[in-house]
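Counting in this note's numbering, the sequence shown runs from 822 upward without gaps.
These notes concern the structure reproduced below.
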Amino acid sequence: MILFPAIDLYEGKAVRLYKGRYEDMTVYGDPAKFARDFTLCGCRAVHIVDLEGAKTGETPNLETVLKIKEVSGAFCEVGGGVRSMEVIDRYLSSGVDRVILGTAAVSDDDLLRSALEKYGERIAVGADLKDGVVAVKGWTESSGYTADAFFAKMESLGVSCVICTDISKDGAMAGTNAALYRELSGKYGVKLTASGGVSSLEDVRRLRDLGLYGAIIGKAYYTGALDLKEAERIVREGAE
């Protein structure tokens, strides 16, 4: 399993939202500082969300994203309002390793198909679940897709990597929804990354033992609740 410590960007700074609400934002500071720390902890990947891009559909924090890539040397995946091939091209031609489609994966089949045809495994899809249904537009609207319907569709389209967030767990420091990930990983052949509520070393062990592709660590790192170096050790221990 790969650990993806997360950096959410807003006005060039690392921030965290509580359950996706911009009005509940905590500012932590220089993203490059955190990227360096991730590397020192042994992490090989970084999950980045451009929160301004989520609103505008553009890449306002591209320079900061590339700085994170430069200082960490890690595999970097980026999401946040990606809804055009122009933005996908811009990210991937600049050195980003993978782009994540969220709302666009639900609402624009043509874009998703074109992106997959051109970039294959460098395209991931986000499945943000609220009461078992995929939420879109910054988690403010329901897509109408159940988790099963959405995963089945993504698999049929050739999506190789899905990042699944349990919105009720995001930023709440209440543990991750291991039962959900166990069920989904047993049904579908995509590379599944767990997101939301990964807040303890026990959470990391539990997800590792499920054989998931990845797990995203956010607030627990920033508050000091989870030792990232120890989490990475646990993950690597499981691979031995």
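Where a beta carbon is used, it is the ideal one built from N, C-alpha and C, also for glycine.
Since the structure is predicted, the reported quantities are computational estimates derived from the model, not experimental observations.
Item, Value
"Reference residue 1010; option with closest CA among 1021, 1024, 1026 and 974", "974"
"Segment contact, 8 Å Cβ cut-off, at least three pairs: the stretch 882-893 with the stretch 921-930", "no"
"Close beta carbons around residue 940, own chain, < 8 Å, minus the five adjacent residues each side", "909, 913 and 920"
"Alpha-carbon to alpha-carbon, residue 884 and residue 915", "10 Å"
"Which listed residue (896, 969 and 856) has its alpha carbon closest to that of residue 955", "969"
"Best match in 1021, 1033 and 888 for proximity to residue 1045 [C-alpha to C-alpha]", "1021"
"Residue nearest to residue 1054 in terms of C-alpha spacing, selected from 863, 1047 and 933", "863"
"CA-to-CA distance, residue 1001 to residue 986, given in whole angstroms", "10 Å"
"Residue closest to residue 828, alpha-carbon to alpha-carbon, out of 1056, 1048 and 1038", "1038"
"Every unbroken beta strand (DSSP E) within the stretch 939-993, with a cutoff of 3 residues, ordered by chain", "944-951, 954-957, 962-967 and 982-987"
"Local Cβ density within 10 Å of residue 963, reported as buried at 16 or more and exposed below that", "exposed"
"Whole-angstrom distance between residue 1033 and residue 1006, CA atom to CA atom", "7 Å"
"Every unbroken beta strand (DSSP E) inside the stretch 853-925 [3 residues or more]", "866-871, 896-900 and 919-922"
"Local conformation of residue 936 per DSSP, three classes", "helix"
"Under the three-state DSSP convention, the category residue 836 falls into", "strand"
"Residue interval of the alpha helix (DSSP H) (run including residue 1060)", "1049-1060"
"Which of helix, strand or coil DSSP assigns to residue 830", "strand"
"Residue 1013 versus 959, 1028, 834 and 1019, residue with shortest Cα-Cα distance", "1028"
"Option in 1041, 957, 944 and 1047 with minimal Cα separation from residue 917", "944"
"Inter-residue Cα distance where the pair is residue 976 and residue 967", "14 Å"
"Distance between beta carbons of residue 936 and residue 896, contact taken as under 8 Å", "In fact, because the Cβ distance is near 18 Å, the residues do not count as touching under 8 Å."
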